[in-house]
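Asks: In terms of the UniProt record's numbering, the sequence shown opens at residue 1 and continues consecutively. The C-beta atom is built at its ideal place from N, Cα and C for all residues, glycine as well.
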Amino acid sequence: MAFIIPPEILLKQSLRLCTMFGHGVKLSTVSSTPMYRAAVCTKLAEPLVVREFPVPATLKETEVLVATHACGVNFADILTCKGLYQERRRTPFTPGGEIAGKVLAVGSKVHGIKSGDRVFVLAFGKTSGGAAEICLADMASVFPVPDNLNLVEAASLIVSYSTSLMALTMKANLKKGETVLITAAAGATGLAAVFAVCGGEEKCQFLQSRGADKTIDYTKDRIVDKVKEFTNGRGVDVVMDQVGGDSLLDCIKSLAFEGRALTIGYASGSIPKIPANQLLLKSSSLIGVFWGSYAQSNPSAFRKTFSLDELNEAYQYVLDRKSVGKVVIKMKDEDLRSKL
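1) Extract the residue ranges of the beta strand (DSSP E) inside the region 107–165, only unbroken runs of 3 or more that lie entirely within it.
2) Taking a contact to mean a Cβ-Cβ separation below 9 angstroms, would you say valine 50 touches alanine 137 in this structure?
3) Can you say whether asparagine 276 is buried or exposed, counting buried as having 16 or more other CB atoms within 10 angstroms of its CB?
4) Roughly how many angstroms lie between the CA atoms of glutamate 61 and glycine 130, to the nearest whole one?
5) Taking only runs of the beta strand (DSSP E) that begin and end inside the region 233–281, which ones reach a length of at least 3 residues, in chain order?
6) From this set, Ile252, Cys135, Glu46, Pro47, which residue's C-alpha is nearest glutamate 98's C-alpha?
7) Could you tell me which residues DSSP pairs with isoleucine 287 in its beta bridges?
8) Count Cβ pairs between the region 304–313 and the region 281–291 that sit closer than 8 angstroms; are there 3 or more?
9) Are the region 85–99 and the region 31–43 touching, with three or more C-beta to C-beta distances below 8 angstroms?
10) Could you spell out where the alpha helix (DSSP H) holding valine 318 opens and where it closes?
11) If we ignore side chains and look at the alpha-carbon of each, how far apart do lysine 175 and alanine 76 end up?
12) Taking the beta carbon of threonine 169 as the centre, do at least 16 other beta carbons fall within 10 Å, making it buried, or is it exposed?
13) Look at the alpha carbon of glycine 199 and the alpha carbon of tyrosine 218, and state the distance between them as a whole number of angstroms.
14) Anyone know if the C-beta pair for phenylalanine 120 and alanine 154 falls short of 9 angstroms?
15) Spatial neighbours of alanine 212 within its chain, please: CB distance less than 6 angstroms, with the 5 preceding and 5 following residues excluded, ordered by chain position.
16) Bridge partners for glutamate 63 per DSSP, in chain order?
17) Just to confirm the assignment, what range does the alpha helix (DSSP H) spanning cysteine 204 have?
18) Rounded to whole angstroms, what is the Cα-Cα separation between phenylalanine 306 and leucine 249?
19) Is it buried or exposed, alanine 2, if we count other Cβ atoms within 10 angstroms and call 16 or more buried?
20) May I ask you to report which of helix, strand or coil DSSP gives threonine 183?
21) Rounding to the nearest angstrom, what Cα-Cα distance links leucine 151 and valine 145 in this structure?
22) Within the present structure, is the beta-carbon of tyrosine 317 separated from the nearest heavy atom of the ligand GTP by less than 8 angstroms?
23) Count the other C-beta atoms from every protein chain shown that fall within 10 angstroms of the C-beta of glutamate 87, then say buried if there are 16 or more, exposed otherwise.
24) Can you name the residues that DSSP bridges to glycine 72?
25) With a threshold of 8 angstroms, are at least 3 pairs of Cβ atoms found where one atom belongs to the region 257–267 and the other to the region 239–247?
26) In whole angstroms, what separates the C-alpha of phenylalanine 53 from that of alanine 123?
27) Grab me the residues of methionine 139's own chain with a C-beta within less than 7 angstroms of its C-beta, minus the 5 sequence neighbours each way, in chain order.
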């Protein structure tokens, strides 16, 4: 079931300009209790709704309270809200796994992080979802944002670029002169890495402008056939697939002798049965990559931003394969590098 555009009242472009602690967090006040807004999945495969919640009055010893400035949109978020992700979550919950913002307060045993710091937050484990004006995180999930990035840029690169970095360097051990095939290459992960696979002429042109040596439009051509053409039948040394399903199977068939296939996601919603004989015949390897604990990455390219009220639209934008680069939920319009 596709995500439906929420009622018009939820699609207003501007958020209320209430503030908390002078940090620019958009809050409302009910009975003198500070409130913040969050997008909530109340039922799987249904539109998200924006609701208000009280700001935590106290923090546990290792907790960090963060004013969310931007939250990246990943396909895993969409699959989770549709009940199709491999890790199932109980409703209600707030999605959003990569967050950038400013620290509002810290627990008594938090070290190396202070109020006012610009930070990345990874919404794993004890961390609340990022599609909210306030995020409550354990200090182990909080990392400093480099000075050369604003917070929208920061939120757009945490998972995508770090996944590429880890997959290609640490897992595939990519070497100079080797060839790489990347599926869903017009997304943020694909831009980081050069044979690029995508859907549509516009995305092919974009990827060529970003340095791809060859592009494959899967809506017109078979991946295996084009790889054979580009490599004179040899195949590619490394494949990075984030689509799953038939795409991953085609990627495995496209490998050269002793090639390495990296499976980093299942955007198609399909987890295929792997033909182990294909790996055996070419002495090739299939490597799973799940990025969750790495915070180093390269600067990101992003194309489209949405407001918190437009999160359903953002999810549908990704589902409709319209995204080129990273899609980000932006909470504020001002220069996020400005002083508090």
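Replies: On the basis of the coordinates in this document:
1) 118–122, 134–138, 142–144
2) no
3) The residue asked about is misnamed: residue 276 is alanine in this sequence, not asparagine. It is exposed - the Cβ of alanine 276 has fewer than 16 other Cβ atoms within 10 Å.
4) 21 angstroms
5) 236–241, 255–263
6) Cys135
7) Leu262
8) no
9) yes
10) 311–319
11) 29 angstroms
12) exposed
13) 6 angstroms
14) yes
15) Val194, Ala196
16) Asp138
17) 201–209
18) 34 angstroms
19) Caution is warranted here: a pLDDT of 37 is assigned to alanine 2, below 50, making its placement in the model unreliable, and the coordinate value is therefore given only provisionally. Exposed, by the Cβ-count rule.
20) coil
21) 8 angstroms
22) For the structure depicted, the ligand GTP is absent and the ligand set is empty, with no information on it obtainable.
23) exposed
24) Glu98, Val328
25) yes
26) 18 angstroms
27) Thr62, Val64, Val110, Ile113
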